[in-house]
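In our numbering, the protein residues as written are -11 to 354. Yeah, the Cβ is synthetic: ideal placement off N, Cα and C, and Gly gets one too.
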Ligand SMILES: *Cc1c(COP(=O)(O)O)cnc(C)c1O
């Protein structure tokens, strides 16, 4: 063909379809519950820091995100030299794939894992290998079974999106121990701030004590800064060194950096959001369960709702029914979950409206 041709693998990638943006029916208040955004917005202190940074938009940002790496270091007790910040954790995930994957390599993700993983894998010409899950949860044995001589990287969101399930830290350690030491294990802890389970850990200890494990995190979820695109990674020194060589020199903007510093220091805002999320997650699981729908137990800020396959009761029909009422959930066909919808936990008003809407839907209203 006489025109530019994308690299091998690129056109095999299914385009990422983000959570629907609201399409309001006239006069309806719209609740966007499709992208796991917080109903609280960021800390007021983060907003203030952001506005303050607007006074100097003519200046390039400090290129290593030093103030933010130091703030993250203080918050989690980490060496700032082992942190890299990025334009969302998406950028970090893509930088990792770009650094460690090439044509002929394989990277493993799980059946209902985050869709950015296969995209990052295939964008680098590598093959995306899918490991089966058990009960909508990553299965260490299945991942280990999928390892071949070509495996270079394993992606694991813990907790996972869109299922809301998690692996206890013992299982993560068993996974690490079972993988060849040259295989990079990427632990994506985007939802870690919402988890309160004794057997859960983000994986900082594993990163600190191995040469082949990294942990990524984000300011898009509990910190409410998704619009600013800011995430980070904690990694062994040799990985920080390699990734920094291809990272854009000014990949994080000053307003984003400043807002993130203020956000991570506002622990009261985070605690409020976590407690609210837990309360309404339990309430939603109970109430939706009472309607005869299955809800996968979640430790994150969203719930996975399973629908019957009989006509009139399907996930597709429920999605259309709720959308008309201004309640926008997330359909999951491209996550191999055609019979489920993911609902981000919203305001009390939104949560109650969804349960009310689902009750009417299950009762057969139109
Ligand atoms: C939302 C989310 C992220 C965060 O992505 P950003 O690019 O930081 O906004 C990362 N991983 C998973 C699994 C997510 O759901």
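How many angstroms separate the CA atom of residue i from the CA atom of residue j?
i, j, result
"residue 21", "residue 191", "28 Å"
"residue 204", "residue 73", "9 Å"
"residue 346", "residue 308", "11 Å"
"residue 4", "residue 100", "14 Å"
"residue 290", "residue 23", "9 Å"
"residue 269", "residue 286", "8 Å"
"residue 175", "residue 163", "11 Å"
"residue 17", "residue 236", "40 Å"
"residue 95", "residue 87", "13 Å"
"residue 65", "residue 262", "21 Å"
"residue 245", "residue 254", "15 Å"
"residue 104", "residue 114", "14 Å"
"residue 356", "residue 322", "This structure cannot settle anything about residue 356, because the visible part of the chain is limited to -11 through 354."
"residue 199", "residue 294", "40 Å"
"residue 71", "residue 150", "26 Å"
"residue 97", "residue 117", "6 Å"
"residue 277", "residue 350", "12 Å"
"residue 272", "residue 340", "8 Å"
"residue 90", "residue 52", "26 Å"
"residue 85", "residue 109", "6 Å"
Hey, could you find the ends of the beta strand (DSSP E) residue i is sitting in?
i, result
"residue 145", "139 to 145"
"residue 176", "172 to 176"
"residue 202", "201 to 206"
"residue 72", "71 to 74"
"residue 332", "325 to 332"
"residue 222", "219 to 222"
"residue -1", "Looking at the DSSP string, residue -1 is not in any beta strand (DSSP E), and its letter there is neither H nor E."
"residue 320", "318 to 320"
Is the distance from the Cβ of residue i to the Cβ of residue j below 9 Å?
i, j, result
"residue 187", "residue 156", "yes"
"residue 171", "residue 195", "no"
"residue 168", "residue 135", "yes"
"residue 299", "residue 305", "yes"
"residue 303", "residue 320", "yes"
"residue 283", "residue 310", "no"
"residue 334", "residue 19", "yes"
"residue 41", "residue 296", "no"
"residue 131", "residue 119", "yes"
"residue 1", "residue 220", "no"
"residue 152", "residue 338", "no"
"residue 249", "residue 69", "no"
"residue 216", "residue 247", "yes"
"residue 26", "residue 209", "yes"
"residue 206", "residue 77", "yes"
"residue 264", "residue 48", "no"
In the DSSP assignment, the alpha helix (DSSP H) including residue i goes from what residue to what residue?
i, result
"residue 102", "Taken as a continuous stretch (DSSP letters only), residue 102 belongs to no alpha helix (DSSP H), as it is neither H nor E."
"residue 32", "32 to 41"
"residue 61", "54 to 64"
"residue 166", "157 to 166"
"residue 350", "336 to 350"
So residue i packs on residue j, CB below 8 Å; how close in whole Å?
i, j, result
"residue 329", "residue 234", "Not a contact, Cβ separation roughly 38 Å."
"residue 212", "residue 29", "5 Å"
"residue 230", "residue 202", "With 8 Å as the limit, residue 230 and residue 202 do not qualify as a contact, their Cβ atoms being about 11 Å apart."
Would you say residue i faces chain B, with C-beta separation under 9 Å as the test?
i, result
"residue 340", "In the structure shown, chain B does not exist; there is a single protein chain."
Could you pull the DSSP bridge partners for residue i from this structure?
i, result
"residue 97", "118"
"residue 183", "The partner list for residue 183 (beta bridge, DSSP) is empty, contrary to what the question assumes."
"residue 282", "294"
"residue 238", "Its beta-bridge partners do not exist; DSSP assigns none."
"residue 125", "122"
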